[in-house]
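J.:
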Amino acid sequence: MDQFDAFKAMGEFWARAGAGFFTPGATPGFTWPNAPQTDLAGLATAQSNLAQAWASATALSQTLAASVQGGTNAADPTAGAVLAKIFDPQAWLGGSAEFDAALTRMSEGPQLADLWQTERRYGALLTAWAALRRAQAEHQAVMLNAWTRAAGTFAKEANARAERGEGFSSAREMMTRWTETANAVLLEVQRSEAFLASQRVVLKASTDLRLAQQDLSAFLSDFYGQPTRAELDDVHKSLTELRREVRALRRERREAARVSKMNGTVAQEAESAHG
Amino acid sequence: MAEQDAPKAPVPPLPLNPAEMLAEVADLGRRISAGAKLFSDVRDADVQIATTPKDLVWSQDKVSLYRYRPLAESKGLPPVLIVYGLIGRYTMADLQEDRSLVRNLLNLGLDLYVVDWGNPGRADRYVTIDDYVDDYLAECVAFVGAAAGREKINLLGICEGGVFTTCYAALYPERVNAMVLTITPIDFHADTRETRAGHGFINVWTRSLSPEDVDRLIDAQGSLPGAFMGSVFSMMTPMRTMTKYNLDLLDALDDKKKFLNFLRMEKWIADRPDHPGEAAKQWLKDLYQDNKLVQSTFVLGGRTVDLKHIACPVLNVFAQDDHIIPPATSQALKDKIGTDDYTELGLPGGHVGVFVGGKAQKLLGSGIADWLGARG
Chain D
1 MDQFDAFKAM GEFWARAGAG FFTPGATPGF TWPNAPQTDL AGLATAQSNL AQAWASATAL
61 SQTLAASVQG GTNAADPTAG AVLAKIFDPQ AWLGGSAEFD AALTRMSEGP QLADLWQTER
121 RYGALLTAWA ALRRAQAEHQ AVMLNAWTRA AGTFAKEANA RAERGEGFSS AREMMTRWTE
181 TANAVLLEVQ RSEAFLASQR VVLKASTDLR LAQQDLSAFL SDFYGQPTRA ELDDVHKSLT
241 ELRREVRALR RERREAARVS KMNGTVAQEA ESAHG
Chain V
1 MAEQDAPKAP VPPLPLNPAE MLAEVADLGR RISAGAKLFS DVRDADVQIA TTPKDLVWSQ
61 DKVSLYRYRP LAESKGLPPV LIVYGLIGRY TMADLQEDRS LVRNLLNLGL DLYVVDWGNP
121 GRADRYVTID DYVDDYLAEC VAFVGAAAGR EKINLLGICE GGVFTTCYAA LYPERVNAMV
181 LTITPIDFHA DTRETRAGHG FINVWTRSLS PEDVDRLIDA QGSLPGAFMG SVFSMMTPMR
241 TMTKYNLDLL DALDDKKKFL NFLRMEKWIA DRPDHPGEAA KQWLKDLYQD NKLVQSTFVL
301 GGRTVDLKHI ACPVLNVFAQ DDHIIPPATS QALKDKIGTD DYTELGLPGG HVGVFVGGKA
361 QKLLGSGIAD WLGARG
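Heads up: the protein sequence lines correspond to chains D and V, in order.
Going by full-length UniProt numbering, the residue at position 252 of the first sequence is 252; the numbering climbs one at a time, nothing skipped.
Going by full-length UniProt numbering, the residue at position 120 of the second sequence is 120; the numbering climbs one at a time, nothing skipped.
Right under this line is the structure:
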């Protein structure tokens, strides 16, 4: 199964599974208390769009890698592998994925497997999770379009060079040129409305997921008699305020000592002058 | 758009010589092999950073004040307090022995202190910039002044630390003899005056968020996580980020010294503390979004930070290729302060390069020492 089919199948699987899960009566003996509406269809659409962008980018990547090494009959498989890696759009996604991964790490807390009494919160959590995955898929589609644009620009230049019989003097020169071309496109894309908007949605979705997790965690902490995050925050807030007061009191005491010392010195000088 | 740019037919082969390609691949293998040996030979001691000897002289909560041991005869000038920000750590000013602003200044006879904000955690969520400027920094200045027997000392602010010293100098002008700012943003919207590709992305990105986005992010995280800011910085040099651990590292492997420099820099980058939540809200909303500092409407401790109250001489150092703090955002200070003794020093290099770049870091040290020497 290629990347396109894998993405498509995964999207359909989640949509089917999610729809079944949330359909009243689909699971015998089970009902959702105020089950939230989870936009799994939206997630599937976003993944499908991403899959199409991915298929297009992959085809172009393979064309580029094959052509720059002299066609598919090139003798050196290592060089081929290196070049394929260089033009792999996955690497490009990896760049933006670092941001996504940072958000994911921030939003995904510990797995709490035995919390079966909290269905409503789990539902909210799943909704938030689906929203984040959808937002990430939409953002990745923006990045893949950018990659395709950069690769197209590079291919045009490479073709023009080939037609002039110039070529690249070394694989390194070719890589440098690709890096420069791609960098210029990426920097431009990062300032585009589409990029900033989709990234903002990813940030908001990851924050919502984190808050949904905290809500679940707070419910359980309270249930089991453990301090909640909000209670700890209250303690920390009080501690910060108390520290502020202590620092202010210390400053006042030091200032009073300084003034007292100054007054003492002035009085002593006055006494000496009169005495 | 993408479809228009994509090739319509298979791209014809480029005239790359297979023999040359093979030779390059063979060379690659040799370098990877040599690099693997270098990696195995390197010890922690080889990549220590911030090694200039110093002593802890004061601390409160998580904040520590250090005094560097002298390396040359004192010039008798007021002491200098180095103030870094909460994004990254002060160790950048003392990255390695031959690339150290700290050593350069000590060798020029300055009495040097540095404040270390420590590693704020979730428990520090409610610590504000007011606390850092009005309390911690003010206490550090008081300590340094008392130790030197002087009412006024010199401040050297770096990046966000420069914003802290700027606020301090406006609120406590009677305590500052002279202030050096390096790569410090003053007008957070001045990036729009320059159109250099890739410059000022943080400004653009922060403005793309709503104040509520920032509030919810901090509510959810309790801080602005250092790793998160690291990923935003990585986005500013997208292809560099992708080639850093392959092509760039391979280049560094040819030269042990270069390789160790690379690792020291990695060490500094990896040491990125979380930014306390409430202070991060002020940083992102009041400054990056609402641009209150340059408008003299930023309020700390119930007092407005009026830049016109800065009465001390100011040396404003910026990096000519700074993509994080574009020069215009720093240079905006020029006509905003209450002194005519204002000097600008534009140095070659980027945000970090100005401190560790071979040429710039030497110019930086001597430039600061000479300027302070004339204002002792």
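Cβ atoms here follow ideal geometry from the backbone N, Cα and C, with glycine treated the same way.
Everything numeric in this text was worked out from a predicted model, so none of it was measured.
Closer than 9 Å by beta-carbon distance: list the chain D residues that pair up with V:E266, in chain order.
T.: Ordered by position in chain D, no residue passes the 9 Å Cβ test against V:E266, which lies about 15 Å from the chain.
J.: Taking Cβ-Cβ distances below 7 Å as the criterion, which residues of the region 191-203 of chain D are in contact with chain V?
T.: Those residues of the region 191-203 of chain D that come within reach of chain V (Cβ to Cβ, closer than 7 Å) are R191, L196, R200, L203.
J.: Just to confirm the assignment, what range does the beta strand (DSSP E) spanning V:R67 have?
T.: V:R67 -> beta strand (DSSP E) spans 63-68.
J.: If you run the structure through DSSP and keep just helix, strand and coil, what is V:L108?
T.: DSSP places V:L108 in coil when its eight states are reduced to three.
J.: Just how far apart, CA to CA, sit V:L345 and D:A130?
T.: Roughly 51 Å between the two C-alpha positions.
J.: Give me the residue from V:A138, V:R175, V:C140, V:A270 with the minimum Cα distance to V:E151.
T.: Of the listed residues, the one whose Cα sits closest to V:E151 is V:R175.
J.: Given a cut-off of 9 Å on the beta-carbon distance, is the pair V:Q320 and V:G349 in contact?
T.: Against a cut-off of 9 Å, the Cβ pair of V:G349 and V:Q320 comes out as a contact.
J.: Between D:G167, D:M174, D:R133, D:Q199, which lies nearest to D:A151 when the distance is taken from Cα to Cα?
T.: If we check each option's Cα against that of D:A151, D:M174 comes out closest.
J.: Here's the rule: buried if 16 or more other CB atoms are within 10 angstroms of the residue's CB, otherwise exposed. What is V:L86?
T.: Buried, by the Cβ-count rule.
J.: For V:N261, which three-state DSSP category applies?
T.: Residue state, collapsed to three classes: helix.
J.: In chain V, which residues lie with their C-beta within 9 Å of the C-beta of D:M175?
T.: By Cβ distance, chain V contributes T243, L247.
J.: Closer than 7 Å by beta-carbon distance: list the chain D residues that pair up with V:Y126, in chain order.
T.: The answer, in chain order, is H236, K237, T240.
J.: Anything in chain V within Cβ reach of residue 277 of chain D, meaning under 8 Å, just list it in chain order.
T.: The structure shown has nothing for residue 277 of chain D, since chain D only spans 1 to 275.
J.: For D:E188, which residues from the same chain have a beta carbon less than 6 Å from its beta carbon, with the 5 sequence-adjacent residues on both sides left out?
T.: Result list for D:E188: empty, nothing under 6 Å.
J.: Compute the distance between the beta-carbons of D:L216 and D:Y122, then report whether it is under 9 Å.
T.: Yes, they are a contact pair.
J.: Counting pairs of Cβ atoms below 8 Å between the region 175-192 of chain V and the region 208-226 of chain V, do you hit three or more?
T.: Not touching, per the Cβ criterion.
J.: Can you tell me which residues form a DSSP beta bridge with V:G346?
T.: Answer is V:F318.
J.: According to DSSP, which residues form a beta bridge with V:A178?
T.: Per DSSP, V:N154.
J.: At a CB-CB cut-off below 8 Å, which residues of chain D make contact with V:S208?
T.: The answer, in chain order, is L196, A197, Q199, R200.
J.: For V:E24, which residues in chain D fall below 8 Å Cβ to Cβ?
T.: Neighbours of V:E24 on chain D, chain order: A79, S170, A171, R172.
J.: From V:G373, V:A360, V:A374, pick the residue whose C-alpha is nearest to that of V:T182; which is it?
T.: The shortest Cα separation from V:T182 among V:G373, V:A360, V:A374 belongs to V:A360.
J.: What residues from chain V crowd round D:A182, counting only those whose CB sits closer than 7 Å?
T.: Near D:A182 (Cβ distances below 7 Å), the residues of chain V are M239.
J.: Can you tell which of D:D234, D:Q213, D:H236, D:S169 has the C-alpha that lies nearest to the C-alpha of V:A19?
T.: Checked all of D:D234, D:Q213, D:H236, D:S169; the closest Cα to V:A19 is D:S169.
J.: Give me the subset of the region 183-197 of chain V whose CB atoms are less than 7 Å from a CB atom of chain D, sorted by chain position.
T.: Within the region 183-197 of chain V, the residues whose Cβ lies closer than 7 Å to some Cβ of chain D are A197, listed in chain order.
J.: Could you pull out every residue in the same chain whose Cβ sits closer than 6 Å to the Cβ of V:V371, ignoring the five residues on either side in sequence?
T.: The amino acid occupying residue 371 of chain V in the given sequence is Trp; Val does not appear at that position. Only L315 meet the Cβ criterion.
J.: In whole angstroms, what separates the C-alpha of residue 276 of chain D from that of V:V83?
T.: The requested residue 276 of chain D is not part of the displayed model; chain D covers only 1 to 275.
J.: Run through chain D and tell me which residues come within less than 9 Å of V:V204, C-beta to C-beta.
T.: Neighbours of V:V204 on chain D, chain order: Q190, R191, L196.
J.: Specify the secondary structure class of V:W58 as computed by DSSP and reduced to three states.
T.: Looking at V:W58 - three-state DSSP - the assignment turns out to be strand.
J.: Give the range of the alpha helix (DSSP H) segment to which V:V232 is assigned.
T.: 226-236 is the span of the alpha helix (DSSP H), which, as asked, contains V:V232.
J.: Could you have a look at D:G29 and say whether DSSP puts it in helix, strand or coil?
T.: Note that D:G29 has pLDDT 38, beneath the 50 cutoff, so the model's placement of it is unreliable and no number is given.
J.: In this structure, how does DSSP classify V:T304 when only helix, strand and coil are distinguished?
T.: V:T304 falls in the strand class under three-state DSSP.
J.: Going by DSSP, what residues sit across from V:S223 in a beta bridge?
T.: Answer is V:P276.
J.: Nearest to V:P70 by CA position, among V:T237, V:G35, V:V102, is which residue?
T.: Of V:T237, V:G35, V:V102, the residue nearest in Cα terms is V:V102.
J.: Take D:L209 and list the residues in its own chain whose beta-carbon comes closer than 7 Å to its own, dropping the five residues that flank it on each side.
T.: Once the five neighbours on either side are set aside, the close Cβ partners of D:L209 are S107, A128, W129, L132.
J.: Roughly how many angstroms separate the alpha carbons of V:V354 and V:L155, rounded to a whole number?
T.: Roughly 18 Å between the two C-alpha positions.
J.: Which value, in whole angstroms, describes the spacing of the CA atoms of V:L81 and V:G302?
T.: Using only the alpha carbons, I get a separation of about 25 Å.
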